[in-house]
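Have a look at this one:
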C-alpha cells in the first residue's frame, strides 16, 4: 500500500470505527426478543466488570478519558485545568455514576447473579 503514512488521528478514527461496530453488535444482542432478565443482567455486568479481561467497557473508557486528562494537564497553556478538569470529571462519571447504575440495574434484574 502506498500513499501517505497513517496519522495518529487516522488510527484513532479507525479504532473508534471498530469500537462502534462492536457496540452495534452488543446493541443488536440486547434487542433480541429472547433476552430475559438474567441474561440482560449478565450483559450489564459484563459491560461494567468483564471477568475475562480486567476491567470492563466502562472502566476502560474511564481510563482512556483519564489518560486524555493527564495529557491535557501537561499541555494546557495556563495549567488552569480548563481542559483537564472536565475530562477527569467525565472519567469519574463513567465509573462512579454510569458504572454504579449498571450494577444497580443488574442487581435488580438478577440478584443471585452477584454471587456468580
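In our numbering, the protein residues as written are 1151 to 1266. The beta carbon of each residue, even a glycine, is placed where N, CA and C say it ideally should be. Fair warning: this is a prediction, and the values are worked out from it, not measured in the lab.
Check: Going straight from the alpha carbon of residue 1158 to that of residue 1212, what length do you get?; Outcome: 20 angstroms
Check: Just curious, the alpha helix (DSSP H) that residue 1253 is in, first and last residue?; Outcome: 1250-1259
Check: Beta carbon of residue 1222, beta carbon of residue 1234: below 7 angstroms?; Outcome: yes
Check: Cβ atoms of residue 1194 and residue 1215: under 7 angstroms apart, would you say?; Outcome: no
Check: Can you give, in chain order, each stretch of the alpha helix (DSSP H) that sits fully within the segment 1214-1248 and has at least 4 residues?; Outcome: 1234-1242
Check: Taking the alpha carbon of residue 1206 as the point to measure from, which residue in 1261, 1248 and 1260 has its own alpha carbon closest?; Outcome: 1248
Check: Rounded to whole angstroms, what is the Cα-Cα separation between residue 1224 and residue 1165?; Outcome: 24 angstroms
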